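Data block below; observations after.
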Amino acid sequence: MPSNFHLLPQDAQLIPPVCCCSLCGCELYRDDELYLIEEQVLCPDCLDVFATDYFRHRRFTAAELKDTPQL
Ligand SMILES: [Zn+2]
Numbered sequence: 193m194p195s196n197f198h199l200l201p202q203d204a205q206l207i208p209p210v211c212c213c214s215l216c217g218c219e220l221y222r223d224d225e226l227y228l229i230e231e232q233v234l235c236p237d238c239l240d241v242f243a244t245d246y247f248r249h250r251r252f253t254a255a256e257l258k259d260t261p262q263l
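Residue 193 is where the sequence shown starts when you use this note's numbering, and the numbers rise one by one after that.
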């Protein structure tokens with residue numbers, strides 16, 4: 193082992209990910225941002241996909257909205 197071993201910069205790839213995105217499976221590291229929604233870990237890239245699916249029952253066309261008196 194070289195004597196300056198402890199001075200070498202730590203390779204980011206040697207640090208294990210903390211968790212993975214539950215949708216795309218990408219690895220999330222300590223300083224990565226994520227969303228915890230209903231026990232699911234989501235990376236920022238997947239939030240759109242998740243939200244679109246999550247709120248699909250709230251999705252209308254403008255015409256449908258206009259024709260629904262209680263809204
Ligand atoms: Zn993801």
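Don't be surprised by glycine CBs; every beta carbon is placed ideally from N, CA and C.
In this text the structure is predicted, and so the values were computed from the model without any measurement.
Spatial distance of residue 209 from residue 260 (CA atoms): 48 Å
Residue 228 CB to nearest heavy atom of ligand 1 below 6 Å: no
Bridge partner(s) assigned by DSSP for residue 229: 232
Cβ neighbours of residue 212 in the same chain (closer than 6 Å, five flanking residues each side left out): 219
Same chain only: Cβ atoms within 7 Å of residue 234, ignoring 5 sequence neighbours per side: The beta carbon of residue 234 is closer than 7 Å to those of 213, 214, 215, 226, 227 and 242 in its chain, skipping five residues each way along the sequence.
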